[in-house]
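Participant: Mind looking over this structure? Questions follow.
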Amino acid sequence: MRLFDTMSREVKDLKPSDGKTFRFYCCGPTVYGPAHIGNFRTFVLQDVFRRTLELSGMPAFHVRNLTDVDDKTIRDARAAGKTLKKFTDFWRDRFHEDCALLNNLEPHLEPSAVEHIPHQIAMIEELMEKGHAYRSDDGSVYYKVSSFKGYGRLSRLDQRELRAGASGAVSEDEYEKDSVSDFALWKARRAEDGENYWSSPWGEGRPGWHLECSAMCREYLGDSFDLHSGGVDLVFPHHENEIAQSEACTGHTMADHWFHLTHLLVDGGKMSKSAGNFYTLTELSEAGFSAAELRYVLISAHYRQPLNFVAKDKEGEETFPALAGAGQALQKLAKFSHALAQQGQVEVSTGFDDLKKVAELGSFAPAFDGLLDDLNTPEALGQVFTAMKGIKPAELSAEDARREFLGLSVIMAALGLQLPVVEDEAEVDAPAKIVEMAQARWQAKQDKDWGEADRLRDELAAAGWEIKDTKEGFELCPKS
RNA sequence: GGCGAGGUAGCCAAGUGGUAAGGCCGGGCUCUGCAAAAGCUCUAUCGCGGGUUCGAUUCCCGCCCUCGCCUCCA
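Residue 143 in my numbering sits at position 135 of the first sequence; the count goes up by one each step and never skips.
This is the structure in structure tokens:
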């Protein structure tokens, strides 16, 4: 598999450094509220990445952290009158639920920052010993950026001119630092932290944000691992700082590959609560859309391309045309897959691990190739539909149908798309009363009593059932 | 201001130095009492202006516009 690397700015081949398992780390969520669809663009594409890797035959080890201690978690937990743990556990569970709905595989390991404070303290001590960190008067510890010669390689800092405070978020502990670019490894306890502090050789306080990832990466992936990932916004300063911390400690290259995901735009702009375009999975669900539909939309653009999520239609109504369209596309895929399964007499659906063994992708090989080439999900989707145009399920031999079914199944598994269930006509279990009405309508139709037939059809529609006539009879479907 | 990513049909979005995948929407056709479903099918010269080239949407230059980052936002 090939993937763009932020550090070298090249598409590079991915190879596990230990020759066996591809080990990678993804910066996870800060659990202080519901994750929004922009967050999920990142997590979904990281998931597609992992799925593709594994389906291509490369075992993977996926670590994704939880940030459960920082300014926001502490602030909001206190505002909610809850302990930090209770507060972050709640939002962690909620995050897990959303991930499950979106069909994300669980990471192999999900370490939390709070559970690794000793590791972080040990790392700070090591950095101080090596002259990369210093304690300020208030008991905080800062990383001395000027002590690390490689600082800024990832974000090309040498080519940039930083505007101090351009983000409007200059911290108040500015004056404690030797240099504006130095960042906190340990933050001395303050009144607004409440009970959320830990003791350390430098006094009570809590770890800085960047440190948790360095400490957990080292603990679970070692001094050097294969790939590190996150949203583009993390390139600077988060990942830059992680590199400084980790490499100053270990003397090794932290990660061989940096995988960053471009942000989602909503109706052409950044998502924000004030703009009213801040959507969560729950909100979309309440509007009648499924997580699978959202997932389809999220993978419909290349991960290095901005993706514009259309929520409002031309009239400015919040109708989510993109999701509605995704629903149609998924239906199309589902029906096609179902037709192949029937033609191939495939009994049970195939699980992810079984699909890893599928070697022959048939007509769907080009789609998988798209994924292998820099995770080109839109190309893959395009190739899927193109392949579908060339296949008439009913004309295939059972063997061919089975092969194409497995090929399509592998692509769907790589994309993580769960197709809606296609009902067999015979299996629809409508209430007796509904069936009766439908039969009455069919009789009226046979009698060419169009008025009565249409009346009954309207009645059925009002009851939530749709009639589809075929040559021999009719089908009843629950109205979607 | 610095750095970065982009501008491809009504919308979303691939791709390519030789006249542009796919999805949604919309139109047409088949089927049909009508409709739905299904099947078939139609719909772009790639922001603007130069340049290089036999030929550019694809390379180069300039311009316009959008978006992102610039110290704890995926």
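Ideal placement from N, C-alpha and C gives every residue a C-beta, glycine not left out.
Quick caveat, the model's predicted, so the values are computed rather than measured.
Just to confirm, is the Cβ distance from proline 314 to threonine 270 under 8 angstroms?
Facilitator: yes
Participant: Measure the C-alpha to C-alpha separation of valine 443 and aspartate 457 and round it to an integer number of angstroms.
Facilitator: Taking C-alpha positions only, valine 443 is separated from aspartate 457 by approximately 19 angstroms.
Participant: Quick one: give me the first and last residue of the alpha helix (DSSP H) that arginine 465 is part of.
Facilitator: 458-470
Participant: Check whether the stretch 247-258 and the stretch 58-65 are in contact - that is, three or more C-beta pairs closer than 8 angstroms.
Facilitator: Here the stretch 247-258 makes no contact with the stretch 58-65; the two share fewer than three CB pairs at distances below 8 angstroms.
Participant: Taking all protein chains shown into account, decide if alanine 177 is buried (16 or more other Cβ within 10 angstroms of its Cβ) or exposed.
Facilitator: Note that alanine 177 scores 45 on pLDDT, short of 50, meaning its location in the model is unreliable; the coordinates nonetheless yield the value given after this. Alanine 177 comes out exposed.
Participant: Got a sec, what are the start and stop residues for the beta strand (DSSP E) alanine 196 sits in?
Facilitator: 191-196
Participant: According to the neighbour-count rule (16 or more other Cβ atoms, all chains shown, within 10 Å of its Cβ), is glutamate 200 buried or exposed?
Facilitator: exposed
Participant: For histidine 265, which option in Leu162, Val274, Gly284, Tyr287 has the closest C-alpha, if you only look at C-alpha atoms?
Facilitator: Considering only alpha carbons, the answer is Leu162.
Participant: Please name the residue, chosen from Lys343, Ala295, Gln353, Ala342, that lies closest to phenylalanine 328 on a Cα-to-Cα basis.
Facilitator: Ala295
Participant: Ignoring anything shorter than 3 residues, give me the beta strand (DSSP E) runs that lie fully in the stretch 242-304, in order along the chain.
Facilitator: Fully contained in the stretch 242-304 are the following beta strand (DSSP E) runs of length 3 or more, in chain order: 266-269, 272-274.
Participant: Taking Cβ positions, are leucine 423 and valine 56 nearer each other than 8 angstroms?
Facilitator: In this structure, the beta-carbon distance from leucine 423 to valine 56 falls below 8 angstroms.
Participant: Under 7 angstroms Cβ to Cβ from lysine 476, same chain only, skipping five residues before and after it: list those, please.
Facilitator: Phe482, Glu483, Cys485
Participant: Can you tell me which of the three DSSP states valine 240 falls into?
Facilitator: In this structure, valine 240 counts as helix in the three-state DSSP scheme.
Participant: What's the gap between the Cα of proline 215 and the Cα of threonine 258?
Facilitator: 19 angstroms
Participant: What first and last residue would you give for the alpha helix (DSSP H) that runs through asparagine 47?
Facilitator: 45-63
Participant: So, with DSSP's three-state summary, where would you put tryptophan 99?
Facilitator: helix
Participant: Bridge partners for tyrosine 159 per DSSP, in chain order?
Facilitator: In DSSP, tyrosine 159 forms no bridge with anything.
Participant: Considering glutamate 444, what are the terminal residues of the alpha helix (DSSP H) in which it resides?
Facilitator: 440-454
Participant: For glutamine 351, count neighbouring C-beta atoms within 10 Å of its own C-beta (all shown protein chains included) and say buried if the count is 16 or more, exposed if not.
Facilitator: Buried.
Participant: What do you reckon, is the C-beta of glycine 352 under 7 angstroms from a heavy atom of the ligand NAP?
Facilitator: Among the components modelled here there is no ligand, and therefore nothing to report on the ligand NAP.
Participant: Suppose the cutoff is 6 angstroms on Cβ atoms and the five residues either side in sequence are ignored; what does the same chain contact list for glycine 202 look like?
Facilitator: Arg86
Participant: Please report the residue range of the alpha helix (DSSP H) in which glutamate 474 lies.
Facilitator: It is not in any alpha helix (DSSP H) - glutamate 474 instead sits in the beta strand (DSSP E) that spans 473-477.
Participant: Enumerate, from N- to C-terminal direction, the unbroken alpha helix (DSSP H) stretches of 4 or more residues contained entirely within the stretch 107-162.
Facilitator: Here the runs fully enclosed are 125-137.
Participant: For the alpha helix (DSSP H) that aspartate 362 lies in, which residues bound it at each end?
Facilitator: 360-363
Participant: Express the C-alpha separation of histidine 218 and alanine 121 in angstroms, rounding to a whole number.
Facilitator: 10 angstroms
Participant: Output yes or no for whether 8 angstroms exceeds the beta carbon distance between leucine 272 and phenylalanine 244.
Facilitator: no
Participant: How long is the line joining the alpha carbons of arginine 226 and histidine 260, rounded to whole angstroms?
Facilitator: Straight across, the Cα-Cα distance linking arginine 226 with histidine 260 is about 11 angstroms.
Participant: Could you give the uninterrupted runs of the beta strand (DSSP E) lying entirely in the stretch 310-387, keeping only those of 3 residues or more?
Facilitator: Qualifying beta strand (DSSP E) stretches, in chain order: 315-317.
Participant: Roughly how many angstroms separate the alpha carbons of methionine 445 and alanine 461, rounded to a whole number?
Facilitator: 10 angstroms
Participant: For the alpha helix (DSSP H) holding cysteine 225, just list the boundary residues, first then last.
Facilitator: Element bounds for cysteine 225: 217-229.
Participant: Measuring alpha carbon to alpha carbon, tell me which of Asp231, Gly276, Thr358 ends up nearest methionine 262.
Facilitator: When only C-alpha atoms are compared, the closest one is Asp231.
Participant: Please identify the residue among Lys340, Ala347, Tyr228, Glu368 whose C-alpha is closest to the C-alpha of tyrosine 33.
Facilitator: Tyr228
Participant: Find the nearest neighbour of leucine 235 within the set Arg465, Ala469, Leu11, judged by alpha-carbon distance.
Facilitator: Leu11
Participant: Quick one, are the C-beta atoms of cysteine 107 and asparagine 73 less than 8 angstroms apart?
Facilitator: no
Participant: Can you check DSSP and say which residues form a bridge with histidine 70?
Facilitator: Phe32
Participant: By a C-beta neighbour count over all protein chains shown, 10 Å radius and 16 as the cutoff for buried, is glycine 238 buried or exposed?
Facilitator: buried
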